[in-house]
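See below for the structure under consideration.
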Amino acid sequence: MVTNPPFVISPDNAYLLRDSDATGDELSRDVVRSCAATLTEGGFASVMCNWIHAAGDWQAPLREWLSGLGCDALLLHVTSYEPLAYAITWNSTDADSDPEKFSDTVTRWVSHYRSAGVARIATGLVILRRRSSASNWVRALDGCARPRGRSGEHLQLLFEAGDVLATPGAGQLGELLSGAWRLVDGHRLSQGADYVDGAYTGEAMLSRRPDTGIRATFDPLVLELLVGCDGSRSLGEVIERAAIPGGFTRGEFHSLCLKAVKDLIARGYLVAMAADSAG
40 MVTNPPFVIS PDNAYLLRDS DATGDELSRD VVRSCAATLT EGGFASVMCN
90 WIHAAGDWQA PLREWLSGLG CDALLLHVTS YEPLAYAITW NSTDADSDPE
140 KFSDTVTRWV SHYRSAGVAR IATGLVILRR RSSASNWVRA LDGCARPRGR
190 SGEHLQLLFE AGDVLATPGA GQLGELLSGA WRLVDGHRLS QGADYVDGAY
240 TGEAMLSRRP DTGIRATFDP LVLELLVGCD GSRSLGEVIE RAAIPGGFTR
290 GEFHSLCLKA VKDLIARGYL VAMAADSAG
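So, in structure tokens, the structure goes:
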């Protein structure tokens, strides 16, 4: 199930494809909850939506929407706007053709947001999977972009990763270290460095081709370890064999590696051999 409802949060009801009679983000909330109620066991629903949130906490409203739905969920956050930027974005077509209308509309929208106490408005996706036989998990991924190609395979990997990472505590660590993992085919590695205070600080990023909008950044210091994840050895063995960079203790570097590995699994770039073979 895929839905792209008229989710824009505004005081207007001028355009069917954009506006609705609902107050605030009620329409997006109701669509998410209605989709969950409609799904059969194992079924998926993707909902493009906007929602209101406090500054710095984009997840909280979505987690409230999902309470008690009997679904696992991925929350993909694309961006959040301050009210003025949001109003400008959704009325930009009038900026050149009718500047007076544009100015009046933006002023009215911002006044509406101020009266309603709106701090930020987010855009993103809520993706649900009906699974009522066990406790459900919710995973939130920030820094996502709009997809530029088919994303179904990548999303399937994200849900498989969510199942692995939902295992609590020591059980999860044991599963990660004993498993054989490999980087997915069809990804692109990009590296860059910024010059700050007399030194370069680097970052590496993985993205999919075609771009699914879900990227993963990590410290380049762990790149050699990731290359070693070819599915032939357990993760624990790969970490133990990795050279320790200068300035790190063994424990510090291993913690850095595990943090990167968990994020790459969560974002669908490191997969267990069984999952990769099945795909």
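If you count by our numbering, then the sequence shown holds residues 40 to 318, one letter each, in order. The beta carbon of each residue, even a glycine, is placed where N, CA and C say it ideally should be. Quick caveat: nothing in here was measured; it's all calculated off a predicted structure.
Taking one beta carbon from each stretch, the region 140-147 and the region 195-211 have fewer than 3 pairs nearer than 8 Å; the two do not touch.
Boundaries of the alpha helix (DSSP H) harbouring V70: E65 to T77, taken from the DSSP string.
Take R178, set aside five residues on each side of it, and the residues of its chain with a beta-carbon closer than 6 Å to its own are L113 and G201, in chain order. Counting along the chain, T146 sits inside the alpha helix (DSSP H) bounded by residues P138 to A155.
Note on the region 198-247: whole alpha helix (DSSP H) runs with a minimum of 4 residues are 208-217, in chain order.
If you draw a straight line from the Cα of I166 to the Cα of L264, it comes to about 31 Å. Pairing V117 with C183 gives a Cβ-Cβ distance under 8 Å. T251 sits close to S190, with the two beta carbons spaced by under 8 Å. Annotation: the continuous alpha helix (DSSP H) that includes Y125 extends over P122 to W129. According to DSSP, G163 shares a beta bridge with C88 and H116.
With a cut-off of 8 Å on Cβ pairs, the region 126-139 is not in contact with the region 89-102, counting fewer than three such pairs. The way I'd put it, the region 63-79 does touch the region 104-111; three or more beta-carbon pairs between them come closer than 8 Å. Per the C-alpha coordinates, the member of W104, T162 and S174 positioned closest to Y125 is T162. At a Cβ-Cβ threshold of 8 Å, L66 and F83 do not count as neighbours. Pairing L274 with L216 gives a Cβ-Cβ distance under 8 Å. Residue pairing by DSSP puts L309 in a beta bridge opposite L222. Taking the Cβ atoms as the reference, D64 lies roughly 6 Å from N89, within the contact range of under 8 Å.
Sixteen is the threshold: when 16 or more other Cβ atoms of the shown chains lie within 10 Å of the Cβ of L101, as they do, the residue is buried. Nearest neighbour of S171 by Cα position, chosen from S106, G213 and S154, turns out to be S106.
Looking at the DSSP output, L297 shares a beta bridge with no other residue.
If you ignore the 5 residues before and after Y152, its C-beta comes within less than 7 Å of the C-beta of P122, all in its own chain and listed in chain order. Taking 8 Å as the upper bound for CB-CB distance, A281 and G270 are not in contact here, some 16 Å apart. Close CB contacts of P186 within its chain, under the 7 Å cut and outside five residues either way in sequence, are with D250, T251 and G252 (chain order). By the beta-carbon neighbour count (other beta carbons within 10 angstroms, threshold 16), Y234 is exposed.
Per DSSP, the beta-bridge partners of C110 are R169.
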